[in-house]
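Structure record follows, encoded as structure tokens.
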Amino acid sequence: MMENLIRGRNPPQYQRSPCKEVRAALRKRPEEELQCLEMTTKRKIIGRLVPCRCFRGEEEIISVLDYSHCSLQQVPKEVFNFERTLEELYLDANQIEELPKQLFNCQALRKLSIPDNDLSNLPTTIASLVNLKELDISKNGVQEFPENIKCCKCLTIIEASVNPISKLPDGFTQLLNLTQLYLNDAFLEFLPANFGRLAKLRILELRENHLKTLPKSMHKLAQLERLDLGNNEFSELPEVLDQIQNLRELWMDNNALQVLPGSIGKLKMLVYLDMSKNRIETVDLDISGCEALEDLLLSSNMLQQLPDSIGLLKKLTTLKVDDNQLTMLPNTIGNLSLLEEFDCSCNELESLPSTIGYLHSLRTLAVDENFLPELPREIGSCKNVTVMSLRSNKLEFLPEEIGQMQKLRVLNLSDNRLKNLPFSFTKLKELAALWLSDNQSKALIPLQTEAHPETKQRVLTNYMFPQQPRGDEDFQSDSDSFNPTLWEEQRQQRMTVAFEFEEKKEDDENAGKVKDHSCQAPWERGQRGITLQPARLSGDCCTPWARCDQQIQDMPVPQNDPQLAWGCISGLQQERSMCTPLPVAAQSTTLPSLSGRQVEINLKRYPTPYPEDLKNMVKSVQNLVGKPSHGVRVENSNPTANTEQTVKEKYEHKWPVAPKEITVENQPMSLKLTKLTV
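Using the numbering used here, read the sequence shown as starting at -15 and increasing by one per residue.
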């Protein structure tokens, strides 16, 4: 039937092998066959099949391609198959180092986005993209624009932030249709003298550059609404700014401005002004000329006072003057009836004006780190406040009127001198967080009712009252309390083995016991050691791990031997994690009988094989002592030696670590130590 409908010409090739989808549809719904026909004449019904696109060989219309975040190192070749229809190409966040020439054959391309790649230059062939409107090459390594970029006459938006661009070519100013230019975080030191030719520019962002001046031709930017010059090197406000009458947003933060001149008042359309992080000491009275100003940011400057004319900014909704040197606020601040956010933290305020009660639209109030001893009662009229922070002041009490702020949800009173809270706090039904201390475990601590000791009025309190404010006198540096002489003496004591001889016969009831000071608490380990008393030795210790590096054997010792001396062995203890038994080599030393005095014996151990971490610890101790790391000369004990010779003279070397095993043997006139080295 299809063939009978074709008259006057041979059937096309696609009719011999129709698309499976079309054929299946015709079988299911034969009544819809006529939908595939086109009526072309009035006299006769001549129909023809609409060719199936998959057999026509027609080019598929693709206008947008997005290859963002695909880890590409070059532009995919598939892009060039759509060079006639492609309008938008996204290659964001890849590792593309250069743009191929074939890309610039895409004559219909209107938006090219290749931010966050590895481009080092922009090829001159970009001039062939005559229909290009948006170009994004931010976060690359492009150092300059080609001169012939002026051929891209249709460009309206250029985003080239975060590139090492040091200057703009003269041809750049011929992009007369440019409306948005973003060159943040670059290396610009100046702008072209004829920059004012970009008369259609509405947004200009030049943050984080090295600009010091602006060209005078910028007064021609009559349509400019947003200008961002933050984080540059301006020492004064450029004179050309007051001629840009339509300017609505101005960022000049993080510069070196010292004065906010009255010329700023000529910007009648200005809505947002950020002058924070400068060195501004005074604000001119003529700032009141900014009648449309809604946000004024003067944080982190050197202001000592605000002009009274600030009360004429009737549309102001945000005022930030924190981190300055303000000692008082003008009473005219109460005229800011639309003010919603007020931050005057980190100043030297000793009081708040009573006119603050007229700020009926206020929602956020921050007066942290000042010297306020009290709050004005009028603050209760600020009934729309939801967040109020009064941290680090000198508040001793709060007014009862604070209970009228019934929309209050967050209140920070930490680091003050409050003894209690007024009973009117019970009216704050929406209060969700009450901070009374910086290290408070919960946002809201339950309060209990008590009677004031003087006025007998009901007040609220809990275990966090009275507050103890942090004072500078409470903090003492560790360097102030460090005594190097005492520290060295204590270190020397820990590095020696001391034998204390006593003639007293006491503590008989403790006979047979061993006091192991190595098991003491950390703060008691300065005098740690093992005290042996005249009795049978016992290896008992408070914890098992304290004995893993010392084995004390029980053996009979005469109780009444007058020549027997007992002492205290004090030395460095190894860490509990290093308690593994190690091979030992025994050496013996016999000490002559001495009494009534204390003698220090300095011993140094032989360099024997042991774990690497223990070896490093010993070396560090030896470096502190100042002795070279060599072996020990072992002197044989001689019972017939002169008893008047001091042990200190006989043993000249130090022993930095405690012995692994100590045994005490019974001899008539001497105490014999057997040192087992690791």
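Positions of the beta carbon are idealized from the N, C-alpha and C atoms, including for glycine. Quick caveat: nothing in here was measured; it's all calculated off a predicted structure.
CB-CB under 6 Å to residue i, same chain, minus the five flanking residues each way: which ones, in chain order?
i	result
D307	S283, S284 and C330
D458	The predicted model places D458 with a pLDDT of 44, which falls under 50 and marks its position as unreliable, so this point remains unresolved.
Q79	Q57 and D102
T663	Past the boundaries of the shown model lies residue 663; the chain is included only from -15 to 662, so the question cannot be answered.
E384	P406 and S408
I141	E118 and Q164
K611	Caution applies to K611, whose pLDDT of 47 falls short of 50 and renders its modelled position unreliable; the model cannot decide the point.
T108	P130 and N132
R191	N168, D212, G214 and N215
Can you tell which of the options has the C-alpha that lies nearest to the C-alpha of residue i?
i	options	result
K252	L297, L205 and N319	L297
R672	S421, S345 and P360	The question about residue 672 has no answer here: the residues shown for the chain are numbered -15 through 662.
I386	N377, N368, S398 and V255	N368
E217	F66, N239 and K378	N239
I110	T301, H203 and K137	K137
S293	Q309, L313 and T302	L313
N423	T410, Q432, S122 and L397	L397
S247	K378, V267, N262 and D237	V267
L303	T311, L287, L322 and D327	D327
E265	R191, C274 and E220	E220
D212	K204, D258 and T197	D258
V665	K403, K123, S145 and E71	One cannot answer for residue 665 here, as it falls past the ends of the chain, which runs -15 to 662.
K204	Q227, L73, Y342 and L162	Q227
R186	T197, P176, L231 and L167	L231
D352	S338, L346, R361 and N377	N377
T439	L175, N89, N404 and K250	N404
Could you pull out every residue in the same chain whose Cβ sits closer than 7 Å to the Cβ of residue i, ignoring the five residues on either side in sequence?
i	result
G155	E131, N132, I133 and K134
G295	P314, T316, I317, N319 and L320
A77	S52, H53 and D100
A9	Because the pLDDT of A9 is 48, which lies under 50, any placement of that residue in the model is unreliable, and the question is left without a value.
A276	K252, M253, L254, V255 and K299
I46	F66, T69 and L70
Should residue i go down as buried or exposed, given a rule of 16 or more other Cβ atoms within 10 Å for buried?
i	result
E332	exposed
V63	buried
P222	buried
D50	exposed
N193	buried
F355	exposed
S666	Outside the shown range of the chain, which is -15 to 662, sits residue 666, and nothing can be said about it.
I98	buried
N446	exposed
T157	buried
L160	exposed
V48	exposed
R68	exposed
D147	One point to set straight first is that residue 147 is Asn, not Asp, in the sequence displayed. It counts as buried.
E380	exposed
N65	exposed
S104	exposed
S365	buried
L428	exposed
S145	buried
In its own chain, which residues sit with a C-beta less than 8 Å from the C-beta of residue i, not counting the 5 before and 5 after it?
i	result
S150	Q127, E128, A170, F171, L172 and E173
R393	T370, V371, E414, L415, A416 and A417
L116	L93, R94, K95, L96, I110, C136, C138 and L139
K411	G387, Q388 and Q390
R263	A240, L241, Q242, N285 and M286
In terms of residue numbering, what span does the beta strand (DSSP E) encompassing residue i cover?
i	result
I142	I141 to E143
V394	V394 to N396
L277	That residue, L277, is in no beta strand (DSSP E); it is neither H nor E in DSSP.
E189	I187 to E189
Q164	Q164 to Y166
S373	V371 to S373
D258	Y256 to D258
L349	T348 to A350
D120	E118 to D120
A92	Where A92 is concerned, there is no enclosing beta strand (DSSP E), given that its DSSP letter is neither H nor E.
R210	R210 to D212
A240	Counting along the chain, A240 falls outside any beta strand (DSSP E), and DSSP gives it neither H nor E.
K304	T302 to K304
Y74	E72 to Y74
A206	Unbroken run through A206: none, as it is neither H nor E.
Should residue i be flagged as near chain D, meaning a C-beta pair shorter than 7 Å?
i	result
N354	Annotation note: the requested chain D is absent from the structure, which comprises a single protein chain.
Q. Just checking, does the region 127 to 145 make contact with the region 73 to 90 on the three C-beta pairs under 8 Å criterion?
A. no
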